[in-house]
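Asks: Each residue of the sequence shown is one higher than the last, beginning at 78 in my numbering.
Even glycine gets a Cβ: it sits at the ideal position worked out from N, Cα and C.
The structure presented is a predicted model; accordingly, all values stated were derived computationally and were not measured.
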Amino acid sequence: SGGTVIADALLTLANSLEAGQKSNLRTIICGRNRLEDGSAEAWAAALRAHGTLQEVRMPQNGIRMDGISHLVGGLAANADLHHLDLQDNTFADKGSKRMAAELHQGSWPLLRQLNLSDCVIGDEGAVSPIVEALAKGLHSKLEILQLQNDNLETEAFSLLAGVVDKFPKLKRVEAQWNEVEEDDEGVLALHNALRKQGGKLVMNDDEEEEEAAEEEAAAEEQPAASTEAPKSIADKATDALADMLDKVSIR
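(1) Kindly list the residues whose CB is nearer than 6 Å to the CB of Asp143, restricted to its own chain and excluding five residues on each side of it in sequence; keep chain order.
(2) In angstroms, rounded to a whole number, what distance separates the CA positions of Ala91 and Thr129?
(3) Tell me the rounded alpha-carbon separation between Asn269 and Ala296.
(4) Just how far apart, CA to CA, sit Ser343 and Leu188?
(5) Here's a check: name, in chain order, each residue in its chain whose Cβ is nearer than 6 Å to the Cβ of Leu152, leaving out the five neighbours to either side.
(6) Under a three-way DSSP split, which group does Gly80 fall into?
(7) Under a Cβ-count criterion, where at least 16 other Cβ atoms within 10 Å of its own Cβ denotes burial, should Ile106 be classed as buried or exposed?
(8) If I'm right that Leu112 touches Gly139 with Cβ under 8 Å, what's the distance once you round it to whole angstroms?
(9) Provide the residue(s) that pair with Arg134 in DSSP beta bridges, ordered along the chain.
(10) Please classify Leu94 as buried or exposed, where buried requires at least 16 other C-beta atoms within 10 Å of its C-beta.
(11) My output table needs one value for Lys277: the three-state DSSP class, helix, strand or coil.
(12) Secondary structure at Val257, three-state DSSP: helix, strand or coil?
(13) Nearest by alpha-carbon distance to Val257: which of Phe234, Ala154, Ala122 is it?
(14) So who's on the other strand from Gln223, going by DSSP bridges?
(15) Please confirm whether His159 and Glu179 have their CB atoms less than 9 Å apart.
(16) List the residues that DSSP assigns as beta-bridge partners of Asp200.
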């Protein structure tokens with residue numbers, strides 16, 4: 078019920094705007110709150126009413142297929158969305174098809190980061206409709222794609238490998254814990270395709286830990302920034318005068 082209260086408040090805010098006035102709401106972060114399906118319709122209405130969102134992060138809320146379908150419908154009204162995180166909510170077949178339908182028609186053309194990890198978007202023996210929709214290449218600004226633990230098999234990796242050139246800015250794909258080995262043909266193809274354009278495929282946690290260690294080491298090597306404030310013109314003049322007086326002697 079708490080999620081519905083917040084969503085209704087956001088809807089009231091949107092409805093209070095004067096005709097022709099755009100909402101100033103750009104970001105919604107509401108994760109790990111067990112929103113579940115009960116508040117999904119209210120959230121969808123609020124998202125649709127504002128229509129100005131650029132970043133929506135609602136991970137780990139226990140939202141299932143029906144709720145996801147509602148949310149996606151509300152998100153579709155936000156054309157400027159560039160960061161969407163719905164990690165660890167259950168899409169399954171119904172939610173995946175609803176999401177795929179929006180991706181197929183080019184919703185969210187400015188999308189730069191998409192996190193659908195742990196969302197059950199894949200089914201055994203079939204390519205996820207979401208992967209098929211992404212493969213159309215309509216989201217050329219995509220930089221980070223997170224599809225961890227999504228039941229993806231070799232065909233999904235092969236499909237993405239064949240369209241990497243449609244995503245010139247794609248630098249990172251995180252796909253740990255899927256139904257493939259690291260030496261799988263599709264995985265290797267995606268790895269090589271990303272590497273050609275300076276990107277990276279992350280397939281295990283060790284790689285992430287190594288990256289974190291490298292970043293930490295690089296940060297330690299950076300010279301410490303000077304804490305001294307830059308001298309003002311007056312201070313510099315005073316220093317110069319002091320130097321001149323040092324050279325004066327009385328005979």
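Replies: Answer, in terms of the structure:
(1) Asp114
(2) 10 Å
(3) 29 Å
(4) Outside the displayed range of the chain (78 to 328) lies residue 343, so it cannot be described from this structure.
(5) Here the set comprises Leu124.
(6) helix
(7) By the Cβ neighbour-count rule, Ile106 is exposed, with fewer than 16 other Cβ atoms within 10 Å of its own.
(8) Rounded, the Cβ-Cβ distance is 7 Å, consistent with contact.
(9) The secondary-structure analysis by DSSP pairs Arg134 across a beta bridge with Ile106, Asp162.
(10) exposed
(11) strand
(12) In the structure shown, Val257 sits in coil (DSSP, three-state: anything other than H, G, I, E or B).
(13) Phe234
(14) Asn192, Glu251
(15) no
(16) Ala203
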